[in-house]
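Chain order of the listed sequences is F and H. Using numbering that gives the first Met the number 0, read the first sequence as starting at 0 and increasing by one per residue. Using numbering that gives the first Met the number 0, read the second sequence as starting at 0 and increasing by one per residue. Note that CB positions come from ideal geometry on N, CA and C, so glycine has one too. Below is one structure, written out as structure tokens; the observations come after it.
Number of protein chains: 2
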Amino acid sequence: MRVLITGAAGMIGRKLTARLVADRKLASKAITALDLHDIVPADRPKLDGAEVKIHTGDLADEGDAAKLVAARPDVVFHLAGVVSGEAEANFEKGYRVNLDGTRMLFEAIRQAGHAPRVVFTSSIAVFGAPFPDVIPDEFHLTPMTSYGTEKMMGEALLADYTRRGFFDGIGIRLPTICVRPGKPNKAASSFFSGIIREPLAGQEAILPVPRTVLHTHASPRSAVNFLIHAAGLDGEKVGPRRNLTMPGVAVTVGGQIESLTRVAGEKFAALIREEPDPTIWAIVQNWPTQFNAKRARELGFRAEDNFDDIVRAHIEDELGGKLPDL
Amino acid sequence: MRVLITGAAGMIGRKLTARLVADRKLASKAITALDLHDIVPADRPKLDGAEVKIHTGDLADEGDAAKLVAARPDVVFHLAGVVSGEAEANFEKGYRVNLDGTRMLFEAIRQAGHAPRVVFTSSIAVFGAPFPDVIPDEFHLTPMTSYGTEKMMGEALLADYTRRGFFDGIGIRLPTICVRPGKPNKAASSFFSGIIREPLAGQEAILPVPRTVLHTHASPRSAVNFLIHAAGLDGEKVGPRRNLTMPGVAVTVGGQIESLTRVAGEKFAALIREEPDPTIWAIVQNWPTQFNAKRARELGFRAEDNFDDIVRAHIEDELGGKLPDL
Chain F
0 MRVLITGAAG MIGRKLTARL VADRKLASKA ITALDLHDIV PADRPKLDGA
50 EVKIHTGDLA DEGDAAKLVA ARPDVVFHLA GVVSGEAEAN FEKGYRVNLD
100 GTRMLFEAIR QAGHAPRVVF TSSIAVFGAP FPDVIPDEFH LTPMTSYGTE
150 KMMGEALLAD YTRRGFFDGI GIRLPTICVR PGKPNKAASS FFSGIIREPL
200 AGQEAILPVP RTVLHTHASP RSAVNFLIHA AGLDGEKVGP RRNLTMPGVA
250 VTVGGQIESL TRVAGEKFAA LIREEPDPTI WAIVQNWPTQ FNAKRARELG
300 FRAEDNFDDI VRAHIEDELG GKLPDL
Chain H
0 MRVLITGAAG MIGRKLTARL VADRKLASKA ITALDLHDIV PADRPKLDGA
50 EVKIHTGDLA DEGDAAKLVA ARPDVVFHLA GVVSGEAEAN FEKGYRVNLD
100 GTRMLFEAIR QAGHAPRVVF TSSIAVFGAP FPDVIPDEFH LTPMTSYGTE
150 KMMGEALLAD YTRRGFFDGI GIRLPTICVR PGKPNKAASS FFSGIIREPL
200 AGQEAILPVP RTVLHTHASP RSAVNFLIHA AGLDGEKVGP RRNLTMPGVA
250 VTVGGQIESL TRVAGEKFAA LIREEPDPTI WAIVQNWPTQ FNAKRARELG
300 FRAEDNFDDI VRAHIEDELG GKLPDL
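Okay, here's the thing in structure tokens:
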């Protein structure tokens with residue numbers, strides 16, 4: 000089994016690579032070759048008995064994707080993309096990377112002709128306000144960002160290329176990934192991770208919105224589980240609607256802080272400082288809060304059951320299971 | 000007011016051109032220039048005091064759209080496209096014309112920077128089965144053809160380019176246009192027009208499906224009315240959801256035949272021969288039947304109230320108001 004990952008140097012790409020290297024198999028088959036593609040070189044993992052290739056390039060460049068799929072990967076994880084904030088700030092770059100890059104990859108796969116499984120990371124940004132309390136699987140797509148528009152177009156292509164038999168695609172709409180490792184960034188959603196990650200590193204975190212704000216999260220570990228599960232799904236069972244909203248934990252910000260207190264202790268939660276930011280609140284109020292994700296659950300996708308487990312996953316996966324002394 | 004029509008040599012393009020020439024104005028402003036674009040030269044209409052230019056080219060060719068919008072049209076009617084059957088039979092051509100052509104035109108308008116009104120003809124092919132009895136405006140888009148996928152992607156671009164302020168777009172989802180003038184074609188929907196058009200020309204028509212089949216129609220005259228109305232709409236009133244399902248007349252095939260009998264007489268309806276075709280019926284059963292079209296109606300879009308008026312419109316517009324002697 001040959002596996003290709005685009006966006007392999009990104010946060011999810013690195014975690015997926017580590018998981019594949021640990022499992023040494025995917026969809027019950029031994030991994031014999033691993034192609035890791037990104038615009039910068041991904042770290043080269045050790046995978047005994049398997050060929051590992053590091054590819055650098057831009058999928059939107061003519062010929063880049065064709066070179067990549069020439070070895071006929073059995074499973075393609077297409078994670079490459081620029082994030083929401085960047086796609087909004089740089090219109091041309093967003094369409095080039097998120098739409099053209101995706102289309103060039105899909106076209107290269109069509110022309111290779113071997114119809115592999117393709118797993119594509121979409122986003123709940125395909126949805127736009129106003130929302131019902133719980134968004135059903137059949138909710139219409141009216142994105143309010145260029146990023147969401149590009150993901151919606153990628154989903155449409157994925158469904159049509161699958162219907163045509165050019166490949167066997169699964170699109171997974173990720174909820175907010177929390178706790179995101181690394182530094183805070185300028186994304187309006189940054190605080191959802193920050194209020195857990197910074198205290199657990201012994202640092203102060205700013206909470207810019209009221210504790211009543213409700214949002215849906217899945218851990219990086221769950222995101223990787225979604226990808227692995229999607230790779231092994233029976234396409235017949237999925238049917239023609241190939242883009243699935245993933246499950247997650249719906250919790251208020253207050254509930255996140257209660258989880259932090261339960262799992263780590265009051266001292267850590269005390270590092271959160273409330274500093275209301277009307278601009279961030281205005282943005283967050285236009286975001287979806289909860290998803291039904293019925294189809295994904297029926298197809299066996301699993302996320303955490305509660306936010307305590309998300310906090311624990313972060314401590315285990317990023318902090319070696321240990322909390323700092325405060 | 001400068002007006003550009005793409006797909007100007009097509010059936011709707013020719014009728015829209017004739018209407019603009021008759022009105023000499025659009026959205027209450029005198030038409031001073033008319034650009035007619037298609038891959039074949041459109042007929043040159045006479046429009047006194049106005050500059051009329053015939054353009055031939057392929058919007059998906061580099062530079063074609065830029066040349067076309069250099070004169071900064073105030074209203075762009077983007078009708079160009081290949082039809083459903085052709086887009087399904089020729090995958091590459093469908094994406095090239097319907098997606099790339101649309102995107103190249105939208106990009107050229109963005110780069111021209113004058114933010115005109117853009118009216119884009121989408122289609123009810125953006126919807127996919129299973130359907131509720133009446134499809135609401137908020138129904139999700141799960142097209143089951145490449146044509147529907149391409150129109151869905153055009154709609155997504157239109158909404159995002161409008162949100163960004165690059166132009167002021169209105170997408171109109173046309174129902175089946177009936178009675179289509181001209182010859183029968185190989186489209187599965189051909190009989191909806193054929194069972195009216197052929198008898199009114201004194202010729203036999205084949206009915207391949209049961210009389211109970213329910214479908215929604217608008218006359219070519221209504222399609223032109225939709226386009227004209229969209230050109231003059233207040234974008235603020237439309238809001239961010241720029242793609243509107245147009246109203247139409249929902250009627251069974253039996254109801255169509257009753258209208259033909261009422262308007263023209265039994266002798267004409269007797270020219271319809273029932274010849275069941277299981278293949279056509281299977282296709283038609285996956286088509287949407289009725290639309291709510293609430294938003295479009297509230298925004299002032301009007302179609303016929305009943306199918307009798309659609310038969311009358313055909314006799315007036317295509318047969319000079321006269322029926323043949325049988």
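- A straight-line Cα-Cα distance of about 28 Å links residue 24 (chain F) and residue 293 (chain F).
- DSSP places residue 34 (chain F) in the uninterrupted beta strand (DSSP E) bounded by 32 to 37.
- In the DSSP assignment, residue 121 (chain F) is bridged to F:172.
- Residue contact with chain H for residue 198 (chain F): absent (no Cβ-Cβ distance below 8 Å to any residue of chain H).
- Ranked by how close their Cα comes to the Cα of residue 281 (chain H), the residues H:208, H:180, H:313 and H:304 have H:208 in first place.
- In this structure, the beta-carbon distance from residue 98 (chain H) to residue 152 (chain H) falls below 8 Å.
- Inter-segment contact for the stretch 164 to 184 of chain H and the stretch 171 to 183 of chain F is absent: fewer than three beta-carbon pairs are separated by less than 8 Å.
- By the Cβ neighbour-count rule, residue 128 (chain F) is exposed, with fewer than 16 other Cβ atoms within 10 Å of its own.
- Residue 27 (chain H) is classed as exposed because its beta carbon has fewer than 16 other beta carbons within 10 Å across all chains shown.
- Apart from the 5 residues on each side of it in sequence, residue 149 (chain H) sits with its Cβ closer than 7 Å to the Cβ of 86, 93, 94, 97 and 98 in its chain, given in chain order.
- Judged by their CB atoms, residue 224 (chain H) and residue 170 (chain H) are not nearer to each other than the 8 Å cut-off.
- Residue environment analysis places residue 313 (chain H) among the buried positions, since at least 16 neighbouring C-beta atoms fall within 10 angstroms of its C-beta.
- Close CB contacts of residue 58 (chain H) within its chain, under the 7 Å cut and outside five residues either way in sequence, are with 5, 64, 79, 100, 103 and 104 (chain order).
- For the stretch 113 to 142 of chain F, the residues whose beta carbon sits under 7 Å from a beta carbon of chain H are, in order, 137, 138, 139, 140 and 141.
- Under DSSP, the beta-bridge partners assigned to residue 76 (chain F) are F:4 and F:118.
- Per the Cβ contact rule, the stretch 248 to 256 of chain H is not in contact with the stretch 157 to 172 of chain H (fewer than 3 Cβ pairs under 8 Å).
- Under a 10 Å Cβ-count criterion, residue 229 (chain F) is classified as buried, with 16 or more other Cβ atoms of the shown protein chains found around its own Cβ.
- For residue 166 (chain H), the closest Cβ of chain F is not nearer than 8 Å.
- Counting along the chain, residue 215 (chain H) sits inside the beta strand (DSSP E) bounded by residues 213 to 217.
- Note that the C-beta distance between residue 46 (chain F) and residue 33 (chain F) is below 8 Å.
- For residue 10 (chain H), the nearest beta carbon of chain F is not closer than 8 Å to its own beta carbon.
- Residues of the same chain with a CB within less than 7 Å of the CB of residue 268 (chain H), apart from the 5 flanking positions on each side, are 198, 256, 259 and 260 in chain order.
- Looking only at H:286, H:231 and H:88, the smallest Cα-Cα distance to residue 299 (chain H) is reached by H:231.
- Along the length of the stretch 279 to 310 of chain F, whole alpha helix (DSSP H) runs at least 4 residues long occupy 293 to 297, reported in chain order.
- When CB distances to chain H are screened at a threshold of 8 Å, the residues of the stretch 239 to 263 of chain F falling below it are 239 and 240, in chain order.
- When C-alpha distances from residue 193 (chain F) are compared across F:310, F:213 and F:315, the shortest belongs to F:310.
- At least one C-beta of chain F is nearer than 8 Å to the C-beta of residue 159 (chain H).
- Looking at the DSSP output, residue 272 (chain H) bridges to H:205.
- In the structure shown, residue 228 (chain F) adopts helical secondary structure according to DSSP, grouped into three states.
- Using a Cβ-Cβ cut-off of 8 Å, residue 288 (chain F) does not count as an interface residue toward chain H, since no Cβ of chain H sits closer than that to its own.
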